[in-house]
Structure formats: structure tokens, C-alpha cells
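Report on the structure given below.
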Amino acid sequence: MTESLARPVADDPMSRTVYLDHAATTPMLPEVAEAMSARLGSVGNPSSLHASGRSARRVVEESRESLAGSVGARPSEIVFTSGGTESDNLAVKGLFWARRAADSRRRRILASAVEHHAVLDSALWLAEHEAAEVQWLPVDPHGRVRPEVLEAALAEDPDSVALVSVMWANNEVGTVQPVAALAEIAHAHGVPIHSDAVQAFGQLPVDFAASGLDAMTITGHKVGGPLGVGALLVGRTVDLTPVQHGGGQERDVRSGTLDTPAIVGFATAGELAVKRQPERAEGLAALRDDLVARVRDVVPDAVLGGDPDLRPSHRLPGNAHFSFPGCEGDALLLLLDARGIECSTGSACSAGVPQPSHVLLSMGVPEDLARGSLRFSFGHTSTTGDVDAVAATIGAVVERARRAGQNGVRL
Amino acid sequence: MRVLAAMSGGVDSAVAAARAVEAGHEVTGVHLALSSNPRSFRSGARGCCTLEDSRDARRAADVVGIPFYVWDVAQRFRADVVDDFVAEYAAGRTPNPCVRCNEKIKFSGVLDKALALGFDAVCTGHYARIDGGRLRRAVDHGKDQSYVLGVLTAGQLAHAMFPLGDTPKAEVRREAQRRGLAVADKPDSHDVCFIADGDTAGFLRDRIGAAPGPIVDETGATVGRHDGAFAFTVGQRRGLRIGRPAPDGKPRYVLDVSPVTATVTVGPAERLDVVRLTGDRLRWWGPAPRGPIECRAQIRAHGEAVGCEASVQGEQVEVTLRAPVRGVAAGQTVVLYERDTVLGSATITHSD
Numbered sequence: 104m105t106e107s108l109a110r111p112v113a114d115d116p117m118s119r120t121v122y123l124d125h126a127a128t129t130p131m132l133p134e135v136a137e138a139m140s141a142r143l144g145s146v147g148n149p150s151s152l153h154a155s156g157r158s159a160r161r162v163v164e165e166s167r168e169s170l171a172g173s174v175g176a177r178p179s180e181i182v183f184t185s186g187g188t189e190s191d192n193l194a195v196k197g198l199f200w201a202r203r204a205a206d207s208r209r210r211r212i213l214a215s216a217v218e219h220h221a222v223l224d225s226a227l228w229l230a231e232h233e234a235a236e237v238q239w240l241p242v243d244p245h246g247r248v249r250p251e252v253l254e255a256a257l258a259e260d261p262d263s264v265a266l267v268s269v270m271w272a273n274n275e276v277g278t279v280q281p282v283a284a285l286a287e288i289a290h291a292h293g294v295p296i297h298s299d300a301v302q303a304f305g306q307l308p309v310d311f312a313a314s315g316l317d318a319m320t321i322t323g324h325k326v327g328g329p330l331g332v333g334a335l336l337v338g339r340t341v342d343l344t345p346v347q348h349g350g351g352q353e354r355d356v357r358s359g360t361l362d363t364p365a366i367v368g369f370a371t372a373g374e375l376a377v378k379r380q381p382e383r384a385e386g387l388a389a390l391r392d393d394l395v396a397r398v399r400d401v402v403p404d405a406v407l408g409g410d411p412d413l414r415p416s417h418r419l420p421g422n423a424h425f426s427f428p429g430c431e432g433d434a435l436l437l438l439l440d441a442r443g444i445e446c447s448t449g450s451a452c453s454a455g456v457p458q459p460s461h462v463l464l465s466m467g468v469p470e471d472l473a474r475g476s477l478r479f480s481f482g483h484t485s486t487t488g489d490v491d492a493v494a495a496t497i498g499a500v501v502e503r504a505r506r507a508g509q510n511g512v513r514l
Numbered sequence: 023m024r025v026l027a028a029m030s031g032g033v034d035s036a037v038a039a040a041r042a043v044e045a046g047h048e049v050t051g052v053h054l055a056l057s058s059n060p061r062s063f064r065s066g067a068r069g070c071c072t073l074e075d076s077r078d079a080r081r082a083a084d085v086v087g088i089p090f091y092v093w094d095v096a097q098r099f100r101a102d103v104v105d106d107f108v109a110e111y112a113a114g115r116t117p118n119p120c121v122r123c124n125e126k127i128k129f130s131g132v133l134d135k136a137l138a139l140g141f142d143a144v145c146t147g148h149y150a151r152i153d154g155g156r157l158r159r160a161v162d163h164g165k166d167q168s169y170v171l172g173v174l175t176a177g178q179l180a181h182a183m184f185p186l187g188d189t190p191k192a193e194v195r196r197e198a199q200r201r202g203l204a205v206a207d208k209p210d211s212h213d214v215c216f217i218a219d220g221d222t223a224g225f226l227r228d229r230i231g232a233a234p235g236p237i238v239d240e241t242g243a244t245v246g247r248h249d250g251a252f253a254f255t256v257g258q259r260r261g262l263r264i265g266r267p268a269p270d271g272k273p274r275y276v277l278d279v280s281p282v283t284a285t286v287t288v289g290p291a292e293r294l295d296v297v298r299l300t301g302d303r304l305r306w307w308g309p310a311p312r313g314p315i316e317c318r319a320q321i322r323a324h325g326e327a328v329g330c331e332a333s334v335q336g337e338q339v340e341v342t343l344r345a346p347v348r349g350v351a352a353g354q355t356v357v358l359y360e361r362d363t364v365l366g367s368a369t370i371t372h373s374d
């Protein structure tokens, strides 16, 4: 064989890493690094009563106000957390416990079948330990929960439902859910609804108040902020039982010393992401559309996962998802990685062992096809050069992965 | 060369990968996940492929400076190694799962996939040498693993790399220390890796089910009862729980296990002596010899090789041992050596 698996050497102009995994995490914006650095050297626990504490508290509250402005919420509705996973846990468990405490009949959790594991596993944990009944809302072949599906599930027995959770946009296939319509239905039955908006925030216009949601998850590192900080937006009248205890710093539902520099960074990133969202979305969509077209050119049997309608009302502008028949996702990833192209199989890992994606399976994608999937996700540092690199490589990579996936060598 | 290094999370495969890098190869590390639901931690020398092992392998790959992935081989491992292990015991044979794993997983499924992906070789931390395309014992005879690799074909060996064959284990540990590999003092693995608690009989009972039957002596007289013939291996002495002593007062050993009739036959040690073996599933390096040849036979991983005469007939080999060996069971692999070079191997079908 002649082509090399080698990573190109560092001084080769073609050696730039092609990072197309922004849905996993995206580079920190320089403005964020600057804002955080300015705060890193300052002492002060925002809960302390002295001048240093007050100074930290002021920074936190200004950040809270800024972030609230960015997401269409009131400052009091923002509960800072350690990130998306904690926010989802707090939303699902906190709503479940609070609602059940108020009325012991409320044991059902209605969640979409394509949720992130942070919601999925929280619901399953409640089923196992708290006698919750989880009902997965089926999705259509594009990965979307149809409003009538939620309506039917609620109408069955609305008094028994503790909460509804449906993500704003899917992390694997980028499908955008009809969140406002779902919220309206939930409220018509008097049931609170949570949405994980981690992927949507910064790519789509996200307005908490306008959405009608009762709780919403966002996180810093997907919008150019730091890792390890996120927020759960909680409507002012929404009751939530705490998950972790000890101080009650955030509205008595979330305990733990607030991370002032990270919160500043998060707010800065949020502000910039929202300000730049319209033009960013347009830019990402242009790159993504180009990638979709060129991958299909080179690999005509590649299957675009998710909604074929690429408009931002239907699909995240930065998301492209393909299944390559006859390939294993891990082989594709290894081959692309060796050529400096970084993407994701998009599916959950346990011990790094790829499992066929529950998202694709619930969309009705056959398991064989689901195994050969790749997610390319664009972000603020993406360029046409990235698309060129994929277009130039994907044909050979798929061909090789196909050879490895056939002839019984599949493991 | 482009080399795929199988990294278990242990010290040997970590040093092997580091040496492959140092030899100028382009190395990628892969941890083979043998279970879809790995346990969190290993306990001592038992078990393997825990999440901790996977993390250890990843850390070693970081230190060595190579890309690292986890490959899920659970399905194939279950079918080709675990199910085979149970089926062999159920049929009254004594399999060696490490042999099967090398033959079917590491140097078949994994190697085939590696070659298809553009790699040239699979590198492991086995103690064995490849010399002129032939498999030889490791310099460290105490750690030599040529026996469990003896089933590999010339074609498989051509794409195998064992960088530790020329080094004593103690030196490998020191080298790991020197290279900053945290696994330098990790205990060696022993026993069957997929039986985490070491209770092989319990493992088999869970899968085969209890099948009580008689324990008989050589005359056919019943001397005890058992819950399942699979719990017994030819040559076993302990755990027979026969109340009455033998008439001659000598200890009794398992001579034969017959799951079909659920019968375990016991008798004196000297009846365990075996001087003739027949094996099938023959692997031979190069063209098989026409007539009988003098060589040495090894019948277990850590046994001594004994002088023998071997004759190959088609897919079978007849081995006449120069000195009797004990505890030979059907299903075991016999590996034939010329001095320290592997000539071939077969799976034992009969012995007497």
C-alpha cells in the first residue's frame, strides 16, 4: 500500500489539524480567555460577606445578568452548575422529586428516545431507585418528536406525569425539536417541561421566556466558554428538589462555591455567541451544506442521518451526520484521525467501547448502518479548508474502512 | 512499518509498544475490550479488561506518544473463546482459552482488520521470538509464551511482532520504570481472564448446569458422586471428596472424564502416564515431514517439553513420547519444538 497512515509532520502546511468535532467541545474564544484571566488572580468567595467576597459576588451577578439577557431569562432564573450533565440531572431528578412530593401519583417521566445520556440515565436511575415510570417518546425517521405523540402520551393520564424532557436540538444528528409546541402541550396538561439546549444555544436563536419551557440546560464549553460551568434555567415558579446539598448557594437548589472566573467566561462566551449567532449560523450552514454535497459526490451511497431539510428551523447549521454502509464507525474515525481529521462517531462510549447509537436506532436506522456513522460538527474556527480536507480524504477512507468491515473481519 | 500494538493495560504490552515506536515504526495502540460490560477494577492478578485496564492502556499510550483506541471484540471473544471454552468442557475436553484467543482474536480478527485498515503488523507483549519467519522460545524461558502462540500459521506470524522475546521479564519491568510507564509494577495476569473470581468449576456449573454422576475406579466400582463432570480435569487430585481410601492406600487421580455418561474415573498416579498422543487441527511450519521426526513436545503452557517422535499424517499427528507425561487431556494443545523453534502444533484427541 502506498498511502501513509502517518500524521503529517508539523512543518508541513497541510498538517493543520482539521477539527470538526465542535459539538463535543469548541475552542475557547480569545475574549473569554481574557475575561477569565483578568479574574483568575483575584481572591473572593462570592458567598463571603467581606469586601473580597462582595467583589466576587458582584462579578457573578453581573455575569448572571448578562447571561440572562443572552438567553431571554430573568437573572433569578439562572442556576449556575458545573455543566450540562449536572444541569440535566438537576432538572430531571429535581422536577421529579418536587412534583412527586406535591402529588404522589406523579411518577411518569416522558422523555424523547433521542435524549443525551445525561437525561436518559437520570431518568433510568429514577426508574430503578425511585419507582419512576419512564416512557420514551418515539421519534420520526428524522429524529423528531411529533407534537401529537406528546399529546397522546400526556392525555393517557396527565395526573400521573411528573415531567416532560425533550432536547432542543440533538447532539448527534442535529434535529431541532418543536420545543415551543411541545411546551404548550405540556402546559395544557399542567405538566412542567425541561429541554436540554446545550447544542442549540449559540447556533439557533434560544429564548427561554419565549420558549415557554420550565427548565432549560445550557453549558459554557459548547459556545466558546470554559469547560466545567453551565447553567440550568428554572422558571421562577418552578419547584425543584436539590440533588446535591451543602450551602444552597444557587437559589437553594444547587450547592457549591461558585466558580467566579468560569462564570465570567461563560457569560462572556454566551454574550458573544448570541450576538454573532445569525451570521455564525449562516457561515456554519454554508460550510456544512458544502460538506454534505461533496461527501455525497465522493461517496454516493453515504446516508445523511437526521433531517434532510437543512434549514436551521429543522437542523443545527453546524451538524452533518453520515452513515457509510459496510463501514465501522471506529475504523472510519481511526483512519481520519491518522490523516489529521477529527470528528466523532457520535455515539456513546463505555470504556471507549462504541455502542450503536440509541439516537439512530430510535430513528429506525438499522443497526448495521448505525455502526458506520460519523458526525462532523462545525464551529467558529471552521474554514472551507476543513471541508476541502474531508472531501479529499473521505473517499479513500471509506473504501478502506469498507474493506476492513467486510470479508468477515468485522469484530 | 505501520504497526497496531495490542495494549492490555499491562506492563508487557506497554513496553512492547514503546519498543516498536523506538524501532522506528508508526505505531497505533488498541485496547481490545473483551466484555461489553467491563468491571470497574481488577482484583489482583485475576480478571482483565476492566475499565481500569483500559485506562492503564490509554495512559501507557500517552506516555509512549501514540494514538490509542478501544476496539470492541466482545461479541467475537464470547463466540470464539468463552463459548468454545464452555463447549469443550461440556464435551469432556480441556481447552486452553489463551491459545484460542491468539488464534481467533488477536491474530485473526484483529490482525485481519488491522491489515485491511492499512497496518502491516500486530505487535503484542508476548514473550516469544520470530526468527526468519519462525516462532522461537523467548530468551526468558520462565516467561516463554511460544506455547500459546504455537497455533499461529506462517501467514499469521508474518504479520506478528513480539518485541519482548529477547528480554527477561525483570528487565522489562525495569525498562517500564525507566520509560515512566505507571504499569511497571502491575501484577502479572494469571488464570483464565474471563473468570474474574477464579472459580472455573462455578463458572462452568452456571453455564452447563449441574449434571451429577458417579465417580468410579478402574474396575468400574462407584467410589463417590459428583455434581458435574466438567468440574474435573484429567490429572486432578484435589477436590474429589472420595470418602473411602483406595485399597492400596495410595492417592487417587482423575484418569478420565466422560460428560456423556457423567462419569469420572479415578485411579492411581501411574495410570496417568501417557506415552502416545494423537492430535488433529494440525498446524505445521512449512511442508509437513514425510516420515517420523525427532523433536520435543510440550502439552501445557508452563510444562516442560519432552523428547518425542512425531509423524504427520494429513491433518493429524501421532506423537510418541520418550518419557511419560501426566495429566494429558483431550482438547489440550500439543506444540512441537526443534530445540527452541516451533515446528507445529495440534489439538490432542487421544492419549494412552
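Residue numbers (my numbering), protein chains in the order written: chain F, 104 to 514; chain Z, 23 to 374.
Don't be surprised by glycine CBs; every beta carbon is placed ideally from N, CA and C.
Cβ-Cβ distances below 7 angstroms link L464(F) to E470 and A473 in the same chain, with the five nearest sequence neighbours on each side left out; the list follows chain order.
Taking the beta carbon of L438(F) as reference, the chain Z residues within 9 angstroms of it are L139 and G140, listed in sequence order. Looking at the backbone, the Cα of R157(F) and that of A136(F) are separated by about 23 angstroms. Contact between R209(F) and V264(F) holds, with the beta-carbon distance rounding to 6 angstroms and staying under 8 angstroms. Within the same chain, Cβ atoms closer than 6 angstroms to the Cβ of L387(F) are found at P420, G421 and F481, the five residues on either side in sequence being excluded.
Under the Cβ criterion of 7 angstroms, K135(Z) is counted among the residues facing chain F. DSSP places T363(F) in the uninterrupted alpha helix (DSSP H) bounded by T363 to V401.
By the C-beta criterion, the segment 165-184 of chain F is judged to be in contact with the segment 355-373 of chain F, since at least 3 inter-stretch pairs fall below 8 angstroms. For Q199(Z), there is no enclosing beta strand (DSSP E); the residue is found in the alpha helix (DSSP H) stretching over K191 to R200. Neighbours of Y91(Z) in chain F, taken as residues at a C-beta separation under 9 angstroms, are given in chain order as D433, L436, L437, D440 and G455. Within its own chain, the residues whose Cβ lies closer than 8 angstroms to the Cβ of A127(F), once the five positions on either side in sequence are excluded, are S447 and S480, listed in chain order. Between R157(F) and chain Z, the shortest Cβ-Cβ separation is not below 7 angstroms. In this structure, G31(Z) sits near A79(Z), with a CB-CB distance shorter than 7 angstroms.
M29(Z) places its beta carbon less than 7 angstroms from that of A39(Z). When C-beta atoms of the segment 349-369 of chain Z are compared with those of the segment 139-157 of chain Z, three or more pairs fall below 8 angstroms, so the two segments count as touching. Residue state for M183(Z) is assigned as strand, using DSSP reduced to three classes.
Apart from sequence neighbours up to five positions away, the residues of its chain that approach A180(Z) with a beta-carbon distance below 7 angstroms are G155, ordered along the chain. Excluding residues up to 5 positions away in sequence, Y149 and K191 lie with their Cβ nearer than 6 angstroms to the Cβ of K165(Z) in the same chain. With fewer than 16 other Cβ atoms from the protein chains shown falling within 10 Å of its own Cβ, T487(F) counts as exposed. In terms of Cβ geometry, S150(F) and Q352(F) form a close pair [threshold 7 angstroms].
By the neighbour-count criterion, in which 16 or more other beta carbons inside 10 Å mark a residue as buried, E374(F) falls on the buried side.
For A318(F), not one C-beta of chain Z is nearer than 7 angstroms to its own C-beta. Straight-line measurement puts the Cα of I321(Z) at about 29 angstroms from the Cα of G246(Z).
Taking a cut-off of 8 angstroms on C-beta distances, the segment 277-290 of chain Z does not touch the segment 298-309 of chain Z, as fewer than three cross pairs fall below it.
Check the Cα spacing between D310(F) and each of N273(F), F427(F), V282(F) and A370(F): the tightest is with V282(F).
For A233(Z), same chain residues with a beta-carbon under 8 angstroms away, outside a window of 5 residues either side, are D249, G250, A251, F252, P281 and A284 in chain order. R200(Z) has its alpha-carbon roughly 41 angstroms from the corresponding atom of S145(F). Taken in chain order, the unbroken stretches of alpha helix (DSSP H) that lie wholly in the segment 222-261 of chain Z and span 4 residues or more are 222-230. Among the residues facing chain Z, A507(F) is included, as its CB has a counterpart in that chain under 7 angstroms away.
In this structure, A332(Z) sits near I315(Z), with a CB-CB distance shorter than 7 angstroms. For a Cβ distance threshold of 8 angstroms, residue set A138, L139 and G140 of chain Z lies close to R503(F), ordered along the chain.
In this structure, DSSP gives T322(F) an extended state, which the three-state scheme calls strand.
Annotation: the continuous alpha helix (DSSP H) that includes H220(F) extends over H220 to H232. The closest CA to that of L316(F), considering only V493(F), L285(F), P411(F) and V346(F), is found on L285(F). Considered as a whole, the segment 122-156 of chain Z harbours 143-145 and 150-153 as its complete beta strand (DSSP E) runs of no fewer than 3 residues, in chain order. Within 10 angstroms of the beta-carbon of E240(Z) lie fewer than 16 other beta-carbons, which makes it exposed.
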